[in-house]
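Quick notes on the structure that follows.
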Amino acid sequence: MSMRLTRRYAFAASHRLYSPQLSEEENRETFGKCANPHGHGHNYEVEVTVCGPVDPVTGRVADLSVLDGLAEEQILKPFRYRDLNKEVPAFEAAVPTTENLALEVDRRLRAAWKTAFASGEPRLEKVRIRETARNICEIQGQP
0 MSMRLTRRYA
10 FAASHRLYSP
20 QLSEEENRET
30 FGKCANPHGH
40 GHNYEVEVTV
50 CGPVDPVTGR
60 VADLSVLDGL
70 AEEQILKPFR
80 YRDLNKEVPA
90 FEAAVPTTEN
100 LALEVDRRLR
110 AAWKTAFASG
120 EPRLEKVRIR
130 ETARNICEIQ
140 GQP
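Quick note: the sequence shown, position 103, residue 102 per numbering that gives the first Met the number 0, numbers continuous.
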């Protein structure tokens, strides 16, 4: 039997939604107030859902200290209190939308997953990012 477990993490960061491929006017039309040249901030929530069998000895799907350590190294340290546009290399060329942030978090977790969970269990099933109460993005399965 396989079970899902979701762990929630939070970090504050700022960004500006702006594409260098668009003019200033097109950026304002596309991103509205989020294209403000001075940027703005969010208190992001990231949910990481794993799936796997329940260990008969520990009664757990995942070692939470390992999952927390992975989240700290791959999500929290790189993004916490950062200007995503200026301080995170992945967003030098990509607009730091919720969608692109979810893709980057998923990419980072998957790249480090086998080191953290050598057995392959649990599997990373879903990444969900809440930017605001109205703006939530999730990636399920291999992107």
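Cβ atoms here follow ideal geometry from the backbone N, Cα and C, with glycine treated the same way.
Is residue j closer than 7 Å to residue i when the C-beta atoms are compared?
i: Pro121; j: Val49; result: yes
i: Ala89; j: Glu103; result: yes
i: Ser22; j: Gly40; result: no
i: Glu130; j: Tyr17; result: no
Around the C-beta of residue i, are 16 or more other C-beta atoms found within 10 angstroms, so that it is buried, or is it exposed?
i: Val65; result: exposed
i: Asn26; result: buried
i: Gln73; result: buried
i: Arg3; result: exposed
i: Pro19; result: exposed
i: Val60; result: buried
i: Ala101; result: buried
i: Glu24; result: exposed
i: Leu63; result: exposed
i: Arg210; result: As displayed, the chain neither begins before 0 nor continues past 142, which places residue 210 out of reach and without an answer.
What's the gap between the Cα of residue i and the Cα of residue j?
i: Asp54; j: Gly140; result: 22 Å
i: Asn35; j: Pro52; result: 47 Å
i: Lys32; j: Glu46; result: 27 Å
i: Ala70; j: Glu98; result: 18 Å
i: Tyr80; j: Tyr8; result: 14 Å
i: Lys76; j: Ile135; result: 21 Å
i: Met0; j: Arg107; result: 28 Å
i: Arg6; j: Gly68; result: 12 Å
i: Thr57; j: Ala132; result: 35 Å
i: His37; j: Ile128; result: 23 Å
Between residue i and the rest of its own chain, which residues show a CB-CB distance below 8 Å, the 5 nearest in sequence each way excluded?
i: Asp105; result: Leu123, Val126, Ile138 and Pro142
With a threshold of 7 Å on Cβ separation, who are the neighbours of residue i within its own chain once the five nearest residues in sequence on each side are excluded?
i: Phe78; result: Phe10, Ala12 and Val87
Return yes when the C-beta of residue i is under 6 Å from any heavy atom of the ligand MG, and no when it is not.
i: Asn26; result: With respect to small molecules bound, the structure shown includes none, and the ligand MG cannot be examined in it.
- Stretch pair the segment 15-34 + the segment 103-112: three plus CB contacts closer than 8 Å: no
- Query: Per the contact definition of three or more C-beta pairs closer than 8 Å, is the segment 117-134 in contact with the segment 75-86?
  - Reply: no
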